[in-house]
Every structure is written in structure tokens, then in C-alpha cells.
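Residue numbers (this note's numbering): 38 to 327.
Shown next, in C-alpha cells, is the structure this report addresses.
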Amino acid sequence: MKAYVFPGQGAQFVGMGKDLYESSEIAKELFDKANEILGFNITEIMFNGTDEELKQTKVTQPAVFLHSVILAKTLTNFKPEMVAGHSLGEFSALVANGTLSFEDALQLVSKRAMAMQKACEITPSTMAAVLNLDDKVVEDICASIDGVVVAANYNCPGQLVISGETKAVELACVKMKEAGAKRALILPVGGAFHSPMMEPAREELAAAIEATTFNTPICPVYQNVTASAVSDAAAIKKNLITQLTAPVRWTQSVQQMIADGATSFTEVGPGKVLMGLINKINKEVETIKA
Numbered sequence: 038m039k040a041y042v043f044p045g046q047g048a049q050f051v052g053m054g055k056d057l058y059e060s061s062e063i064a065k066e067l068f069d070k071a072n073e074i075l076g077f078n079i080t081e082i083m084f085n086g087t088d089e090e091l092k093q094t095k096v097t098q099p100a101v102f103l104h105s106v107i108l109a110k111t112l113t114n115f116k117p118e119m120v121a122g123h124s125l126g127e128f129s130a131l132v133a134n135g136t137l138s139f140e141d142a143l144q145l146v147s148k149r150a151m152a153m154q155k156a157c158e159i160t161p162s163t164m165a166a167v168l169n170l171d172d173k174v175v176e177d178i179c180a181s182i183d184g185v186v187v188a189a190n191y192n193c194p195g196q197l198v199i200s201g202e203t204k205a206v207e208l209a210c211v212k213m214k215e216a217g218a219k220r221a222l223i224l225p226v227g228g229a230f231h232s233p234m235m236e237p238a239r240e241e242l243a244a245a246i247e248a249t250t251f252n253t254p255i256c257p258v259y260q261n262v263t264a265s266a267v268s269d270a271a272a273i274k275k276n277l278i279t280q281l282t283a284p285v286r287w288t289q290s291v292q293q294m295i296a297d298g299a300t301s302f303t304e305v306g307p308g309k310v311l312m313g314l315i316n317k318i319n320k321e322v323e324t325i326k327a
């Protein structure tokens, strides 16, 4: 079975999508429509901007989403049998399998970016990558610390990202190294994504998601929250609301997709981050760059 996967924030690069805009009429129409929906010229920043401009939260998330979704719409024989997306990428996946329209998803992604930015400004918070430590050890250390710090991204075996209040994350990093982590490195991010610190953003986004039409998908989406196949529109909506404050179970999602018959994974969007993670989760499956 063919699985299609969609990257999240961090995969962006200057020049992304320019080739699509110049070579495909469908892509050009969608990029132009995106500028109208967002109310600013995102294509100018994507194609010709600076790294700093592209790093702005209001730009980064819609940019990665647009590159992924528009690339998917220009592919020939695009017939996904299962889809998944890493964090933000879940919105791209939901357009790919017909759950959300392009326009609705773009508006939700834009609102998500703004809501997350606001939540980041309330309390000093951050994320850190922990390498070569067992998931259970990471979870136990997080639970032992006074303050908010949780496992946020289960990226692949031996690579877990923690998230929470800055002081709690810094203390956790010290303890992770003492426990034998190869690395426990603070990441250059705006705040504590996929942690309880995102509750104000979750509440804000929940209202927008509730007001949006979710269709019955053409194939299951393996959602970050459940790491299992979901085809019911109401369940997809509920999981998408929970996603902001819950961990991204990427390792478990990929393992489940393989257990359910995935033989190849095509990464659609900027970069090859997910291909790398999938290869570390299972060396046997085929990974393809769209």
C-alpha cells in the first residue's frame, strides 16, 4: 500500500515552491489564491525572502502547508491509500485525503500559527531534543521534575523531543545527560509546542475547527494523537483539536501504518526529514521523495 506523509514546521527553505509556481498552472492558481486568503504576499517571502522572514510563525506554518499541498495537487497518479503528517503536516494530510478543502485548511493553519505565537508569549517556554535515551526513561525524568515538561515528539527510536517551561526543560536536559543521553539540546523554537503550555492556543483553534466542515476522507489518516487509522470525520476533528497539547506519536504512527500494510512512504513537501525518520523506524520500507 502507498502511504503519503507530510512534513511540519522546520522543513522550510527560501525558494520553496517557486519551481511549482513557474511550471504548473494549477500551482500558480493555488499560490495566488493563498495570497488572497492570507491577506499578504506569502509567495514573495517563500520564493525570494530571507531565512528570517520565513521563520516568522505567521509565515512558516502556511508556507510548509502550501508547498506540501500544492505539490500533492500537481502529482500525477496521486492516489493515497493512507496518509499522515507530522504536527502541522497533519493539516496537509487532511487536504490530501479529502477531509478538508484547501481554503478551509489554509485558514485553520493560519489561525493555528497565530494562536501558537500568542501562547508562546504568555510564559517563557521551549523544547529540547534528547538523543539515545529510552522513551520510558525520558518520560520518567519529565514526570520527576517540578514544573511543566513533557515528551512532545516521538520522532524515531532514540530521538525524542521534550517541551515545557524553560527552567523545567533545562533541568530535564541536565538529568537526561546524567541518565546517559548522547545529547539533550535546547532547540531554537518559539515555545513549548505539543505541551500543556499550548492550552490557550488549543482553545482558540478549537472554536475555528468546530466551525469548519470536515468531509469523509477517501483513505484513513494516521493521526498524531492516536497513532492509528482514523476515517470518521467527527473523530478526526476531535483529534485535531487535541493535537496542540498532546504529543506527536510519529514513531508509533509509522509502525502502525507498516503493520496495516504500508510498503512505501512518499514524502510530499519541503525537505527529507520524514524520510530520514522513517528509515530509522524501519529500514525495510521504501521511502520516496515526491
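Where is the CB? At the ideal position from N, CA and C, for every residue including glycine.
Note that the structure is a prediction, hence the values are computed from the model and not measured.
| Lys173 in three-state terms, based on DSSP | Residue 173 sits at position 136 when you count from the first residue of the sequence shown. For Lys173, the three-state secondary structure derived from DSSP is helix.
| said: According to DSSP, is Phe43 part of a helix, a strand, or is it coil? | reply: Here residue 43 refers to the residue found at position 6 of the sequence shown. In the three-state scheme derived from DSSP, where H, G and I count as helix and E and B as strand, Phe43 is classed as strand.
| request: Indicate the three-state DSSP secondary structure (helix, strand or coil) for Ala271 in the structure shown. | output: Within the sequence shown, the letter at position 234 stands for residue 271. DSSP places Ala271 in helix when its eight states are reduced to three.
| Proximity winner among Val206, Gly298, Thr300 and Val291, relative to Leu311 (alpha-carbon distances) | Start at 1 with the first residue of the sequence shown, and residue 311 comes out as number 274. Nearest C-alpha to Leu311: Val291.
| If you run the structure through DSSP and keep just helix, strand and coil, what is Ile178? | Along the sequence shown, read from residue 1 onward, the residue named residue 178 stands at position 141. Taken through DSSP and simplified to helix, strand or coil, Ile178 comes out as helix.
| task | Return the CA-CA distance between Val226 and Leu143, expressed in angstroms with no decimal places. | result | Within the sequence shown, numbered from 1, the residue matching residue 226 stands at position 189. Within the sequence shown, numbered from 1, the residue matching residue 143 stands at position 106. Spanning the alpha carbons of Val226 and Leu143 requires a straight line of approximately 22 Å.
| query | Out of Phe102, Val187, Pro233 and Lys173, which has the shortest C-alpha to C-alpha gap to Ile159? | reply | Within the sequence shown, the letter at position 122 stands for residue 159. Of the candidates Phe102, Val187, Pro233 and Lys173, the one whose C-alpha sits nearest the C-alpha of Ile159 is Pro233.
| task | For the beta strand (DSSP E) holding Met119, just list the boundary residues, first then last. | result | Taking the sequence shown and counting its residues from 1, one reaches residue 119 at position 82. Per DSSP, Met119 belongs to the beta strand (DSSP E) from Met119 to Gly122.
| Ala109: which of Lys92, Val198, Leu131 and Thr324 sits nearest, CA to CA? | For the purposes of this step, residue 109 is taken as residue 72 along the sequence shown, with counting starting at 1. Of the candidates Lys92, Val198, Leu131 and Thr324, the one whose C-alpha sits nearest the C-alpha of Ala109 is Leu131.
| query | So Gly54 packs on His104, CB below 8 Å; how close in whole Å? | reply | One-based indexing of the sequence shown puts residue 54 at position 17. One-based indexing of the sequence shown puts residue 104 at position 67. The beta carbons of Gly54 and His104 sit about 5 Å from each other, so the pair counts as a contact at 8 Å.
| field | Nearest candidate by alpha-carbon position, reference Tyr259, set Gln46, Asn114, Asn134 and Val101 | value | What you label residue 259 is simply residue 222 of the sequence shown in a count that begins at 1. When each option's Cα is compared against that of Tyr259, the closest is Asn134.
| Sub-9 Å separation of Cys210 and Leu222 beta-carbons | What you label residue 210 is simply residue 173 of the sequence shown in a count that begins at 1. What you label residue 222 is simply residue 185 of the sequence shown in a count that begins at 1. Yes; because the gap between Cβ atoms is below 9 Å, this pair is in contact.
| Through-space distance from Thr80 to Ala64, alpha-carbon basis | In the sequence shown, counting from the first residue as 1, residue 64 sits at position 27. In the sequence shown, counting from the first residue as 1, residue 80 sits at position 43. In this structure, the straight-line span from the alpha carbon of Ala64 to that of Thr80 is close to 11 Å.
| query | Asp183: which of Lys204, Met164, Tyr191 and Leu170 sits nearest, CA to CA? | reply | Translated into positions along the sequence shown, residue 183 becomes position 146. Checked all of Lys204, Met164, Tyr191 and Leu170; the closest Cα to Asp183 is Lys204.
| message | Three or more C-beta pairs under 8 Å: does that hold for the stretch 140 to 156 against the stretch 232 to 250? | response | The stretch 140 to 156 is in contact with the stretch 232 to 250.
| query | What residues in its chain sit with their C-beta under 7 Å from that of Asn276, if we drop five residues either side in the sequence? | reply | As a first step, residue 276 must be located in the sequence shown, where it is residue number 239. Here Asn276 has Gln260, Val262, Thr263 and Val267 as same chain residues with Cβ atoms under 7 Å from its own Cβ, once five neighbours each way along the sequence are excluded.
| task | Output the boundary residues of the beta strand (DSSP E) element that contains Met164. | result | In the sequence shown, the residue the question calls residue 164 occupies position 127. Counting along the chain, the beta strand (DSSP E) containing Met164 begins and ends at Ser162 to Leu168.
| request: Starting from Gln196, follow the beta strand (DSSP E) in both directions and report where the run begins and ends. | output: As a working note, residue 196 is residue 159 in the sequence shown. That run of the beta strand (DSSP E) goes Gln196 to Glu202.
| said: For Trp287 and Asp297, what's the separation of their Cα atoms in angstroms? | reply: In the sequence shown, counting from the first residue as 1, residue 287 sits at position 250. In the sequence shown, counting from the first residue as 1, residue 297 sits at position 260. For Trp287 and Asp297, the distance between alpha carbons rounds to 15 Å.
| Residues near Gly45 in its chain [Cβ-Cβ closer than 6 Å; skip 5 each side] | Locating residue 45 in the sequence shown gives position 8, where the first residue counts as 1. His123, Ser124, Leu125 and Gly126, listed in sequence order.
| message | Less than 9 Å between the C-beta atoms of Cys193 and Lys317, yes or no? | response | Position 156 of the sequence shown, counted from the first residue, corresponds to residue 193. Position 280 of the sequence shown, counted from the first residue, corresponds to residue 317. Judged by beta-carbon spacing, Lys317 lies within the 9 Å limit of Cys193, meaning their Cβ atoms are closer than that value.
| task | Can you tell me which of the three DSSP states Lys116 falls into? | result | The count along the sequence shown starts at 1 and reaches residue 116 at position 79. In the three-state DSSP reduction, Lys116 falls in the coil class, being neither helix nor strand.
| Identity of the residues DSSP links to Ser301 by a beta bridge | Here residue 301 refers to the residue found at position 264 when the sequence shown is read from its first residue. According to DSSP, Ser301 bridges with Lys39 and Glu323.
| query | Which of helix, strand or coil does DSSP assign to Asn190? | reply | For the purposes of this step, residue 190 is identified with residue 153 of the sequence shown, where counting begins at 1. Strand, per DSSP.
| query | Is the distance from the Cβ of Ile199 to the Cβ of Ala216 below 9 Å? | reply | Along the sequence shown, one-based indexing puts residue 199 at 162. Along the sequence shown, one-based indexing puts residue 216 at 179. For Ile199 and Ala216, no; Cβs fall outside 9 Å.
| request: Step through the CB atoms of chain D and report whether any lies within less than 9 Å of the CB of Gln46. | output: Structure shown: chain D not included; a single protein chain is present.
| request: Find the nearest neighbour of Lys39 within the set Gly47, Ala48, Ala229 and Met119, judged by alpha-carbon distance. | output: As a first step, residue 39 must be located in the sequence shown, where it is residue number 2. The shortest C-alpha separation from Lys39 is found at Met119.
| query | Looking only at C-alpha atoms, which of Asn319, Val305, Gly313 and Ile315 sits nearest to Lys326? | reply | Locating residue 326 in the sequence shown gives position 289, where the first residue counts as 1. Nearest C-alpha to Lys326: Val305.
| field | Ala64 (DSSP reduced to helix, strand or coil) | value | Within the sequence shown, residue 64 is the residue found at index 27, counting from 1. Three-state result, Ala64: helix.
| task | Look at the alpha carbon of Met164 and the alpha carbon of Val206, and state the distance between them as a whole number of angstroms. | result | In the sequence shown, counting from the first residue as 1, residue 164 sits at position 127. In the sequence shown, counting from the first residue as 1, residue 206 sits at position 169. Rounded to the nearest angstrom, the two C-alpha atoms are 7 Å apart.
| According to the neighbour-count rule (16 or more other Cβ atoms, all chains shown, within 10 Å of its Cβ), is Pro161 buried or exposed? | Your numbering for residue 161 matches position 124 in the sequence shown. It counts as exposed.
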